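Report on one structure; see the data block that follows.
Now the structure itself:
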């Protein structure tokens, strides 16, 4: 907060870019004395009616006094913000601090009058709602807690802006004016409203990019070849349904067409609007192109050009300038260094990418930050014939390149509403806003599967082109938190495709019970073993023998699907000698018809070298055209010219097959069998392990969906002293910016949340140890707490069950002999706790990912094996229950090999109390309880550490903004 000495300094941190309701962007910034002409120009474009609503009287023009008042602010008691596009005002908002009588005031007065004015041409775009969020955040920063607004009853739009904001309000009517008063503290409803508006705006911004009514490819070469000319041809050949233009300033003025496409020297020369511009010119010419596009009203850009953050620090600055420049005109950017975008919808058919062939239309959405990985995903989806050819293809594809603007979060917002997308597959190399991604992923996964593979997992550094805030959490922790949000986390793009194909065309399994049947005993046993390895519950394999006919498969599959103890079926098949493609088609139809009888259970096929069966399975459940046998899935296209995204060349995807399954060699092709409308495709896999791994992912996801329907609650505990804890924390932080609390301070703070730490007294000498034992009472434990010995019982730095003074003195001498002087040992004496299982509880607030609670067994299980489970804070009662059961060594807590089960209820309560502490007080940035000895009845916290610091800045609680550049 500014002080009286610097209160007139320009608050640059209030500047922000926002996405509006229609998907365009605007810049929000403070109004300054330099804005007088802009303000006058803005006011001249406002209608008389809007002016009347603002000033309650005819007010045709602003006086010089008005202009001075509305442009001179102290940024404390008087603040004005403007929304701008192209540098010009489109809306303004201001507040004036007032006292109890409604007169101008200064702090500590905490109320202000607020007023808006929106240019008529921009009303209905959500500008006022966005400005209200930002002016409310500014007011809170300046100590203002309430807004008051007076509105004419006829000004229903502005009344709706205030009423819909979600703040706690009071409404009155007096002297013909509606008076609204509302507090500015965020509420559950105001946050829900903000998130809903964010979703609508960001989804719409991506929709404008993926569903343009007109496209201009800028940088289209006059000669064949080159990136621009290739993308133009790809858009044209895909059958794009909108208007398409080729743009190059080197075109002759009288050149009306290029390859049948209207050719223009500049976007400005195009009659009519342009929704999307694909920019392929060298990086040094992009600024000129952005200016032309912005002035022509282009809505969005796909920047294929490289030479930005992917090329070093100079390129990074060029990238920042590009984003700022585009946002000035309200445009969003995919890229730079992007491979392109694809939308296979019949209403669009857009292939604005370096892939020369349009992927088959289908229900899978693809997002890849890497162009090379995008190529691999497209080609793998295309060539997988087993149940995926035809209708199981791609709905939309986005390759974000350097991800300077549009990110995976934006695309998730779009996919959530997209009726064409049933499954979302994402390859991520970095997550710019993990908190937001987790929130959006949880919401998306509740309605459609989201499968993610993350690259650069172990390097700890984001790719060169990505400007993101790094997380300090290990990759395993981040993965666990994503799984808690419903994300299906896989390790390779092969697993990504395998899981996606199953989820796209098969129902979710009701449980982990798997039936296995087939004509190979060995393949059935491999499948059985794979199921056990993945935590599934397989039935013994049913061997139909190699003599099994298609009818035998049909009957066996029908029986398995009808079995109430079966949740999914894996069919294994090996070639039948002599039958060839005709036999494959018959078997495929037999499996499809049997599966159609019980459509609620998933069916997978494991085949060995059965290209014919894979193709036939697809044909048996698809009326879509089929690829010719032997057609390669991908081949290298002509070499890319300079400016192509780094690591990307145009990659050939297998050509779109003919309408009918006709072949020059019918004997080599399976007959096409058309299936009923809406029939499930049966995915086929070349290895048992891959099929079972995909099924296990589906089982876990289905369980998450069931659990998410009842996530539990965060319990209240009457003995928690939240206010007292806050006072302690404030007092400690007054001593410094960040500190680790001492033993007494730690115990005091934890005690305010009902977490009691066993008393430990320092023992600098043997006599001190004896005195401490007398205070605590025998039996006692003697521990060395030096950093290199703490929590290392294997080194012998702990002596337990010391029953008297003699034993205590002898133990003290032994430790000194083994490890050195007492000042090096830092010994303490502690009362003995009931025997149990040693565990560890940790909580940490990560600046990027948020607050996480972790649990595991103490000692080697955690330190060597990394056997820790993690949950996002706040943790619910159901999540606490699942947390302690998620570690691999959990059986040790529940009576393994005849041992007594521990008090899991007490352990769950401890986890919930730690979660509440960190959630209530974000200044508590780290908590470690180790060891926590959990006995059959109760538990004992024997060691604790707490670190305090000013809470990390959160970018998910303030007003809606785009990432700053």
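In the numbering used here, the protein residues as written are -8 to 956.
Positions of the beta carbon are idealized from the N, C-alpha and C atoms, including for glycine.
Here the structure is a predicted model, which is why all the values come from computation and not from measurement.
Q: Could you say if the stretch 926 to 941 and the stretch 721 to 736 meet the contact criterion of at least three C-beta pairs nearer than 8 angstroms?
A: Yes: at least three Cβ pairs fall under 8 angstroms.
(Q) Excluding the 5 residues flanking residue 510 on each side, which residues of the same chain have their C-beta closer than 7 angstroms to its C-beta? (A) By one-based count along the chain shown, residue 510 stands at place 519. Excluding residues within five positions, the ones whose Cβ falls inside 7 angstroms are 535, 536, 537, 539, 564, 565.
**Q.** Proximity of residue 676 and residue 598 at Cβ, strictly below 9 angstroms
**A.** Numbered from its first residue, the chain shown carries residue 676 at position 685. Numbered from its first residue, the chain shown carries residue 598 at position 607. Result yes, Cβ atoms of residue 676 and residue 598 sit closer than 9 angstroms.
Q: Count the CB pairs spanning the stretch 50 to 60 and the stretch 109 to 120 that are closer than 8 angstroms, and state whether there are at least three.
A: By the C-beta criterion, the stretch 50 to 60 is judged not to be in contact with the stretch 109 to 120, since fewer than 3 inter-stretch pairs fall below 8 angstroms.
Q) Would residue 267 pass as a contact of residue 295 if the rule is Cβ separation under 9 angstroms? A) As a first step, residue 267 is located in the chain shown; it is residue number 276 there, counting from the start. As a first step, residue 295 is located in the chain shown; it is residue number 304 there, counting from the start. The beta carbons of residue 267 and residue 295 sit no closer together than 9 angstroms.
Q) Can you find at least 3 beta carbon pairs, one from the stretch 213 to 224 and one from the stretch 18 to 32, that sit closer than 8 angstroms? A) With a cut-off of 8 angstroms, the stretch 18 to 32 and the stretch 213 to 224 do not count as touching, because too few Cβ pairs lie within range.
Q | residue 403 vs residue 491 beta-carbon contact at 9 angstroms | A | In the chain shown, residue 403 corresponds to position 412, counting from 1. In the chain shown, residue 491 corresponds to position 500, counting from 1. Cβ atoms of residue 403 and residue 491: not closer than 9 angstroms.
Q. Using DSSP with H/G/I as helix, E/B as strand and the rest coil, what is residue 18?
A. For the purposes of this step, residue 18 is taken as residue 27 along the chain shown, with counting starting at 1. In the three-state reduction of the DSSP assignment, residue 18 falls in the strand class, which pools E and B.
Q: Classify residue 748 as helix, strand or coil using the three-state DSSP reduction.
A: The sequence position of residue 748 within the chain shown is 757, counting from 1. The answer is strand: DSSP assigns residue 748 an E or B state.
**Q.** Whole-angstrom C-beta distance between residue 744 and residue 907, which should lie under 8 angstroms
**A.** Along the chain shown, read from residue 1 onward, the residue named residue 907 stands at position 916. Along the chain shown, read from residue 1 onward, the residue named residue 744 stands at position 753. Rounded to whole angstroms, the Cβ separation of residue 907 and residue 744 is 6 angstroms, and the two are in contact under 8 angstroms.
**Q.** Local conformation of residue 612 per DSSP, three classes
**A.** Within the chain shown, the letter at position 621 stands for residue 612. Residue confidence is low: residue 612 scores 44 on pLDDT, short of 50, so the model does not pin down where it sits. Its coordinate-derived value is still stated next. The answer is coil: DSSP assigns residue 612 none of H, G, I, E or B.
Q.
Taking the alpha carbon of residue 344 as the reference point, which residue from 390, 1, 924 has its own alpha carbon closest?
A. Walking along the chain shown from the start, residue 344 turns up at place 353. The shortest Cα separation from residue 344 among 390, 1, 924 belongs to 390.
Q: Assuming residue 432 contacts residue 441 (C-beta within less than 8 angstroms), just tell me the rounded distance between them.
A: Residue mapping note: residue 432 aligns to position 441 of the chain shown, counting from 1. Residue mapping note: residue 441 aligns to position 450 of the chain shown, counting from 1. For residue 432 against residue 441, the beta-carbon gap comes to about 6 angstroms, under 8 angstroms, which counts as contact.
Q) For residue 861, which residues does DSSP report across the bridge? A) As a first step, residue 861 is located in the chain shown; it is residue number 870 there, counting from the start. In the DSSP output, where bridge partners are listed per residue, residue 861 has 845.
Q) Using the rule of at least 16 other Cβ atoms within 10 Å of the residue's Cβ for burial, across every protein chain shown, is residue 445 buried or exposed? A) Counting from one through the chain shown, the residue named residue 445 turns up at place 454. By the Cβ neighbour-count rule, residue 445 is buried, with 16 or more other Cβ atoms within 10 Å of its own.
Q | DSSP state of residue 299 mapped onto helix, strand, coil | A | Within the chain shown, numbered from 1, the residue matching residue 299 stands at position 308. Coil, per DSSP.
Q | Whether residue 364 touches residue 399 by CB criterion (9 angstroms) | A | Translated into positions along the chain shown, residue 364 becomes position 373. Translated into positions along the chain shown, residue 399 becomes position 408. Taking a C-beta distance under 9 angstroms as the contact criterion, residue 364 and residue 399 do not qualify as a contact pair.
Q. Should residue 556 go down as buried or exposed, given a rule of 16 or more other Cβ atoms within 10 Å for buried?
A. In the chain shown, residue 556 corresponds to position 565, counting from 1. Burial check for residue 556: the Cβ neighbour count within 10 Å stays below 16, so the residue is exposed.
Q: Would you list the one or two residues that DSSP bridges to residue 445?
A: In the chain shown, residue 445 corresponds to position 454, counting from 1. In the DSSP assignment, residue 445 is bridged to 419.
**Q.** Distance between beta carbons of residue 687 and residue 527, contact taken as under 8 angstroms
**A.** The residue given as residue 527 occupies position 536 in the chain shown. The residue given as residue 687 occupies position 696 in the chain shown. Confirmed, Cβ separation roughly 6 angstroms.
Q. Taking buried to mean at least 16 other C-beta atoms within 10 Å of its own C-beta, is residue 223 buried or exposed?
A. Here the question's residue 223 lines up with position 232 in the chain shown. Buried is the call here.
Q) With 16 as the cutoff for other CB atoms within 10 Å, does residue 779 come out buried or exposed? A) Your numbering for residue 779 matches position 788 in the chain shown. Taking all protein chains shown into account, residue 779 has fewer than 16 neighbouring C-beta atoms within 10 Å of its C-beta and is therefore exposed.
Q) What runs of the beta strand (DSSP E), each 3 residues or longer, lie entirely inside the stretch 70 to 94? A) Taking only runs of at least 3 residues, the beta strand (DSSP E) segments lying wholly in the stretch 70 to 94 are 79 to 89.
**Q.** C-alpha gap between residue 753 and residue 905, whole angstroms
**A.** Taking the first residue of the chain shown as 1, we reach residue 753 at position 762. Taking the first residue of the chain shown as 1, we reach residue 905 at position 914. Each residue's Cα considered, the two are about 26 angstroms apart.
**Q.** Burial state of residue 373, where buried means 16 or more other Cβ atoms lie within 10 Å
**A.** Against the chain shown, residue 373 aligns to sequence position 382. Taking all protein chains shown into account, residue 373 has 16 or more neighbouring C-beta atoms within 10 Å of its C-beta and is therefore buried.
Q | Any C-beta of chain C under 9 angstroms from that of residue 189 | A | Considering every chain present, this structure includes no chain C. It has just one protein chain.
Q. Would you call the stretch 198 to 209 and the stretch 263 to 282 in contact, with 3 or more CB pairs under 8 angstroms?
A. Cβ pair count under 8 angstroms is three or more, so yes.
Q.
I need the DSSP call for residue 213, collapsed to helix, strand or coil.
A. Taking the first residue of the chain shown as position 1, residue 213 is located at position 222. Coil.
Q. Going by other Cβ atoms of all chains shown within 10 Å of its Cβ, with 16 needed for buried, is residue 160 buried or exposed?
A. Translated into the one-based positions of the chain shown, residue 160 becomes position 169. So residue 160 ends up on the exposed side.
Q. Roughly how many whole angstroms lie between the Cα atoms of residue 499 and residue 120?
A. By one-based count along the chain shown, residue 499 stands at place 508. By one-based count along the chain shown, residue 120 stands at place 129. Straight-line Cα distance between these residues: approximately 40 angstroms.
**Q.** Whether residue 816 touches residue 787 by CB criterion (9 angstroms)
**A.** Position 825 of the chain shown, counting from 1, holds the residue named residue 816. Position 796 of the chain shown, counting from 1, holds the residue named residue 787. Going by C-beta atoms, residue 816 is not nearer than 9 angstroms to residue 787.
Q | Classification of residue 595 by the beta-carbon crowding that lies within 10 angstroms, buried from 16 upward | A | The count along the chain shown starts at 1 and reaches residue 595 at position 604. A residue is called buried when at least 16 other Cβ atoms come within 10 angstroms of its Cβ; residue 595 meets this threshold and is buried.
**Q.** Anticipated Cβ contact below 8 angstroms, residue 924 with residue 829, distance rounded
**A.** Here residue 924 corresponds to residue number 933 of the chain shown, with the count starting at 1. Here residue 829 corresponds to residue number 838 of the chain shown, with the count starting at 1. Contact flag correct, Cβ pair sits at about 6 angstroms.
Q) If you count every other CB in all the chains shown that lies within 10 Å of the CB of residue 117, and 16 or more means buried, which is it? A) As a first step, residue 117 is located in the chain shown; it is residue number 126 there, counting from the start. A residue is called buried once 16 or more other Cβ atoms fall within 10 Å of its Cβ, and residue 117 is buried on that count.
Q) By how many angstroms is the C-alpha of residue 827 removed from the C-alpha of residue 5? A) If you number the chain shown from 1, residue 5 lands on position 14. If you number the chain shown from 1, residue 827 lands on position 836. Straight-line Cα distance between these residues: approximately 54 angstroms.
Q: Drop a sphere of 10 angstroms on the beta-carbon of residue 338, count the other beta-carbons inside from all chains shown, and report buried for 16 or more, exposed for fewer.
A: One-based indexing of the chain shown puts residue 338 at position 347. Exposed, because fewer than 16 other Cβ atoms sit within 10 Å of the Cβ of residue 338.
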